[in-house]
Structures are given as structure tokens and as C-alpha cells.
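**Q** Let me begin by handing over the structure; questions about it come next.
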Amino acid sequence: MALERTLILIKPDAVQRRLAGTILSRFENKGLKIVGLKLMQVTKELSAEHYAEHVEKPFYPLLEEFITSGPVIAIAAEGPEAISVVRSMMGSTNGRESAPGTIRGDFGVSRQMNLVHGSDGPEAAAREIPIYFKPEELVDYESSLSAWVC
Ligand code: RTP
Ligand code: MG
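See below:
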């Protein structure tokens, strides 16, 4: 059981829809530990760095427009196999196809405005967390809950 860190973004649609607390609660209730958190505006440059794998794709201009359209909440979260745990809690990309019980399945019907991002593997997490957080913005602390949820 690997202790992992992953990057979560609460995307602009979720912030605008006042769903940020609801979404953050799901991750907290699951037992993940918040080690970094900030409200921030994604710039075009940051979007291109984060979504480097998609920059040449036909949907990228709309993705850029969406992800820069308002603030996001960036979260670095830690827990056992946190990367796959977060991905499964998010659901699949398109809200219409995403299973009920997942965040995207419960709160959205859009393929693009899908509320949340999560790193899709260990390499992505290692690349993405430093895009959003300086080392000193990640907080190491003991959590007694870990004894009960890990
Ligand atoms: P994410 O990277 O944001 O966690 O989402 P994902 O892995 O589920 O989906 P991905 O394929 O990486 O796509 C990144 C984001 O681009 C938007 N998108 N639009 N065809 C389209 O119009 C389209 N496809 C993807 C979504 O916002 C998606 O989350
Ligand atoms: Mg992705």
C-alpha cells in the first residue's frame, strides 16, 4: 500500500456553482489528507503547461478558455494509493457517462465542464504538484486520523 500524493483541481465550473466545499468534503470524508490548498487563477501559460499532452488537440482552445475562465482551487492530497482513489471518485471524463456516486456522475452533464481534475498516474502527479505548489507551500504534519483510515 503506497502512500501517494496527487494533484486535485476543483475546476472553474465547480467554483462558480458553489460546489467547492461539497467536492472537497468528499475527499476529506474519504480519508485523504490535505497537504496543500489554494484558490488561484490559471493563466494561459499555466494551462499549456498543465495540459501539455492536449495542447495540439482540436479541443484544446475550448479547454484553455474553460480552465482560465475563473479561479480554481488546487489541492495536494495524500493517502494510500491517493492517485487512483481520486481518479475513481471523479468518474469518467464525460459527466453524462460517469457513474452515479462519482463527482462527475453526480454533479455534471458536460464533457468539458467536468468539475474536477486529478492526476492520472504517479508521473503526472510528480509533474503536476510542482506546477501548482512551491515546496514550502506543501505542509507536512501529523494526523492522528491516519491511524484509523490507513
Ligand atoms: P482531467 O485531465 O481534467 O483530470 O480530465 P480527464 O483526465 O478525465 O480527461 P482528459 O482526456 O485528460 O481531458 C482533459 C480535460 O479536457 C476537457 N476535454 N474536452 N472533446 C472534448 O471536448 C474534451 N475532451 C476533454 C475536459 O475538461 C477534460 O477534463
Ligand atoms: Mg487528464
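All the letters of the sequence shown, read from the start, carry residue numbers 1 to 150 under full-length UniProt numbering.
C-beta atoms are modelled at their ideal positions from N, C-alpha and C, and glycine is treated no differently.
1. Tell me the DSSP secondary structure of E142 in three-state form.
2. Measure the C-alpha to C-alpha separation of G118 and R18 and round it to an integer number of angstroms.
3. Spell out a yes or no on whether the region 66-82 and the region 20-27 are touching, meaning 3 or more CB-CB pairs, one atom from each, closer than 8 Å.
4. Which residues bound the alpha helix (DSSP H) around L3?
5. Compute the minimum distance between the beta carbon of D13 and the heavy atoms of ligand 2, and state whether it is under 7 Å.
6. May I ask whether a heavy atom of ligand 1 can be found less than 7 Å away from the beta carbon of N29?
7. Determine whether the beta carbon atoms of T43 and A125 lie at a separation below 8 Å.
**A** On the basis of the supplied data:
1. Residue state, collapsed to three classes: coil.
2. Rounded to the nearest angstrom, the two C-alpha atoms are 19 Å apart.
3. Three or more beta-carbon pairs drawn from the region 66-82 and the region 20-27 are found closer than 8 Å, and the two stretches are therefore classed as touching.
4. Taken as a continuous stretch (DSSP letters only), L3 belongs to no alpha helix (DSSP H), being part of the beta strand (DSSP E) at L3 to I10.
5. Result no, Cβ not under 7 Å from ligand 2.
6. Here the distance from the Cβ of N29 to the nearest heavy atom of ligand 1 is not below 7 Å.
7. No; because the gap between Cβ atoms is not below 8 Å, this pair is not in contact.
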